[in-house]
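Following: one structure in structure tokens, then a few remarks.
Protein chains: 2
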Amino acid sequence: MEIRDRILQTAETLFRKFGIRSVTMDDIASELGISKKTIYQNFEDKDSIVHEIARHNMMCDMEESERIYKESANPIEQVFREASLLRKQASTINPAVFYDLKKYHPKTWQFFLEYNKVNFLEIVKKNLREGIEQGFYRADINIEILARLRMEEVEFAFNRDVFPPERFNQTDVHTTFIDHFLRGIMSQKGLEFYEKCKQDNEPEHINF
Amino acid sequence: MEIRDRILQTAETLFRKFGIRSVTMDDIASELGISKKTIYQNFEDKDSIVHEIARHNMMCDMEESERIYKESANPIEQVFREASLLRKQASTINPAVFYDLKKYHPKTWQFFLEYNKVNFLEIVKKNLREGIEQGFYRADINIEILARLRMEEVEFAFNRDVFPPERFNQTDVHTTFIDHFLRGIMSQKGLEFYEKCKQDNEPEHINF
Chain A
1 MEIRDRILQT
11 AETLFRKFGI
21 RSVTMDDIAS
31 ELGISKKTIY
41 QNFEDKDSIV
51 HEIARHNMMC
61 DMEESERIYK
71 ESANPIEQVF
81 REASLLRKQA
91 STINPAVFYD
101 LKKYHPKTWQ
111 FFLEYNKVNF
121 LEIVKKNLRE
131 GIEQGFYRAD
141 INIEILARLR
151 MEEVEFAFNR
161 DVFPPERFNQ
171 TDVHTTFIDH
181 FLRGIMSQKG
191 LEFYEKCKQD
201 NEPEHINF
Chain B
1 MEIRDRILQT
11 AETLFRKFGI
21 RSVTMDDIAS
31 ELGISKKTIY
41 QNFEDKDSIV
51 HEIARHNMMC
61 DMEESERIYK
71 ESANPIEQVF
81 REASLLRKQA
91 STINPAVFYD
101 LKKYHPKTWQ
111 FFLEYNKVNF
121 LEIVKKNLRE
131 GIEQGFYRAD
141 INIEILARLR
151 MEEVEFAFNR
161 DVFPPERFNQ
171 TDVHTTFIDH
181 FLRGIMSQKG
191 LEFYEKCKQD
201 NEPEHINF
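Here the protein sequences come in this chain order: A and B.
Sequence positions in the first sequence follow UniProt numbering and run 1 to 208.
Sequence positions in the second sequence follow UniProt numbering and run 1 to 208.
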């Protein structure tokens, strides 16, 4: 693996574990057993590393979402699996990452928000449209407004001022939001399918 | 009426109509037919006027909410009536007010957020608890998490970047959020009552 990729990979591991703010260039260099100079030969500053990692992660997430989209039998299964992905991601990222991004890397945070606005919004809207077409969601839901609410919920769940980690389990917050969001849009048919899925997975509380 | 109260009343009328930013001290003085000096004898600056009006409005809203709370036959009626109040308020306030508050009067905006956090959060939690007790809401909803979501929705509905007034009708946004929020928490009993209420009001699309 090229040194540039090794730096990115190691930085990402450290960021995920400890947040961005508390990981220094020295930490990254020492973890890799290289000099700080080598890092600076490859990256202008920590901000560039953060941005490159974020950009790469967003691309991967989007590919993963599209894969889930294609492989899911119906819109509710798609949400289940997206939720599972989100839960898996959330559990492997120190929540400080989002806090630090917003506060100390506003350019990357803005990019993240813009990227989500364009791509994730389209995925949610497509899910809502297909859910209506297939009769899992009510026909009278307002797609434009509710897709934006769902996007806000994803970001809001990471708000540490509202959901401080010492009081709230992040997975609970995500799970509660998704369960509530789905119940708010489902038709009777959708609800029956949903309850059945949850019941089937009950022993391991899996996939949700 | 004392001059101080007349200034507050006139300023409030102008703010509600045109937003805060675009109303100057000159506008207020000229509307009242008094000199700017008279205003400054009563208020240090525009910020003080804004803060006093906001404080007074919050107190009134809270009293109104408590009155609604006491007069409602059940938790769903309470939400209906709160929604109606919110819709009425939203329709008489230029949305720029919230934008301007956040951007140009951060102290008042913080006060508004804190006040809501303490008071409105308690009202929502009480509503959720009673809804569960009376069987209108599902027994397994997460009160702490969903009450915070509901609060966020109220603020989010006023986000002009996400819901620009030229594309979204503010009442639609509020109505969609409340409808979706309720459907997400209601039991079968609650849903039946809710549908009946909506049907009864259908001809005038009233109370919601």
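From the three backbone atoms N, C-alpha and C, an ideal C-beta is built for every residue, glycine too.
As the structure is a prediction and not an experimental result, all values here were calculated from the model.
How many Å lie between A54/B and F112/B at the Cα?
Taking the straight line from one Cα to the other gives about 8 Å.
How should Q188/A be labelled, buried or exposed, when 16 other C-beta atoms within 10 angstroms of its C-beta is the threshold for buried?
Exposed, by the Cβ-count rule.
For the alpha helix (DSSP H) that F18/A lies in, which residues bound it at each end?
F18/A -> alpha helix (DSSP H) spans 3 to 18.
Could you work out which residue in F163/A, L121/A, P165/A, N159/A is closest to M151/A when comparing CA atoms only?
Among F163/A, L121/A, P165/A, N159/A, the Cα nearest to that of M151/A is on L121/A.
Confirm, please, whether the CB-CB distance from N42/A to K4/A is below 8 Å.
Looking at the sequence shown, residue 4/A is not Lys but Arg. Taking 8 Å as the Cβ cut-off, R4/A and N42/A qualify as a contacting pair.
Using a Cβ-Cβ cut-off of 6 Å (strictly less than) and excluding sequence neighbours within five positions of Y99/B, which residues of its own chain qualify?
The residues are R160.
What first and last residue would you give for the alpha helix (DSSP H) that runs through R167/A?
Neither: R167/A is in no alpha helix (DSSP H) and is coded neither H nor E.
Please classify E153/A: is it buried, with 16 or more other beta-carbons within 10 angstroms of its beta-carbon, or exposed?
With 16 or more other Cβ atoms within 10 Å, it is buried.
Say whether chain B places a C-beta atom closer than 8 Å to the C-beta of V162/A.
True, the Cβ-Cβ gap to chain B drops below 8 Å.
Let me see if you follow: with CB-CB separation under 8 Å, is I20/B close to chain A or not?
No, I20/B lies away from the interface with chain A (no Cβ there is under 8 Å from its Cβ).
Give me the Cα-Cα distance between A83/A and S91/B, rounded to the nearest whole angstrom.
Straight-line Cα distance between these residues: approximately 36 Å.
Between the Cα of E195/B and the Cα atoms of P165/B, F80/B, V97/B, which residue gives the shortest distance?
If we check each option's Cα against that of E195/B, F80/B comes out closest.
If the cut is a Cβ gap below 7 Å, which residues of chain B does T176/A touch?
By Cβ distance, chain B contributes N142, I145, L146.
Looking only at its chain, what residues have a beta carbon closer than 8 Å to the beta carbon of E52/B, apart from the 5 residues adjacent to it on each side?
Correct list, in chain order: L8, F43.
Which bits of chain B does R183/A rub up against, with CB to CB less than 7 Å?
The answer, in chain order, is R183, G184.
Going by beta-carbon coordinates alone, are F136/A and I178/A separated by less than 8 Å?
Taking 8 Å as the Cβ cut-off, F136/A and I178/A do not qualify as a contacting pair.
Is Q78/A buried or exposed, if buried means 16 or more other CB atoms sit within 10 Å of its CB?
With 16 or more other Cβ atoms within 10 Å, it is buried.
List, in chain order, every chain A residue whose beta-carbon is nearer than 9 Å to that of residue 221/B.
Chain B is shown from 1 up to 208; residue 221/B falls before or after that span and cannot be answered.
Taking all protein chains shown into account, do 16 or more other C-beta atoms lie within 10 angstroms of the C-beta of A73/A, making it buried, or fewer, making it exposed?
It counts as exposed.
Would L14/B and D27/B qualify as a contact pair, given that the criterion is a beta-carbon distance under 8 Å?
Result yes, Cβ atoms of L14/B and D27/B sit closer than 8 Å.
Note down, in chain order, each residue of its chain lying with its Cβ closer than 8 Å to the Cβ of L101/B, except the 5 sequence neighbours on either side.
So the list reads I20, V50, A54, T108, W109, F112, once near-sequence residues are dropped.
For chain A, check one thing: does any of its Cβ atoms lie closer than 8 Å to the Cβ of D27/B?
By this cut-off, D27/B is not an interface position.
Under DSSP, the alpha helix (DSSP H) around F80/A begins and ends at which residues?
Run containing F80/A: 75 to 91, per the alpha helix (DSSP H) assignment.
Let me see if you follow: with CB-CB separation under 8 Å, is D200/A close to chain B or not?
No, because no Cβ of chain B sits closer than 8 Å to the Cβ of D200/A.
Find the residues of chain B that neighbour L121/A, judging by a C-beta separation of less than 9 Å, and give them in chain order.
Per Cβ cutoff of 9 Å: no residues; L121/A is ~10 Å from chain B at best.
Figure out for me which residue from Q134/B, I34/B, L85/B has the closest Cα to the Cα of S65/B.
Out of Q134/B, I34/B, L85/B, L85/B has the C-alpha closest to the C-alpha of S65/B.
Kindly list, in the order they appear in chain B, the residues whose Cβ is closer than 7 Å to that of V173/A.
Those within 7 Å of V173/A in chain B are I145.
Does chain A have any CB closer than 8 Å to the CB of L191/B?
L191/B does not count as touching chain A.
Cβ of L113/B less than 8 Å from any chain A Cβ?
Not closer than 8 Å to any Cβ of chain A, the Cβ of L113/B fails to qualify, so no.
Would L128/A pass as an interface residue toward chain B - the criterion being a Cβ-Cβ separation below 8 Å?
False, the Cβ-Cβ gap to chain B never drops below 8 Å.
Quick one: Cα of K198/A to Cα of I93/A, how far?
Computed Cα separation, rounded: 26 Å.
Establish whether the CB of L86/B and some CB of chain A are separated by less than 8 Å.
By this cut-off, L86/B is not an interface position.
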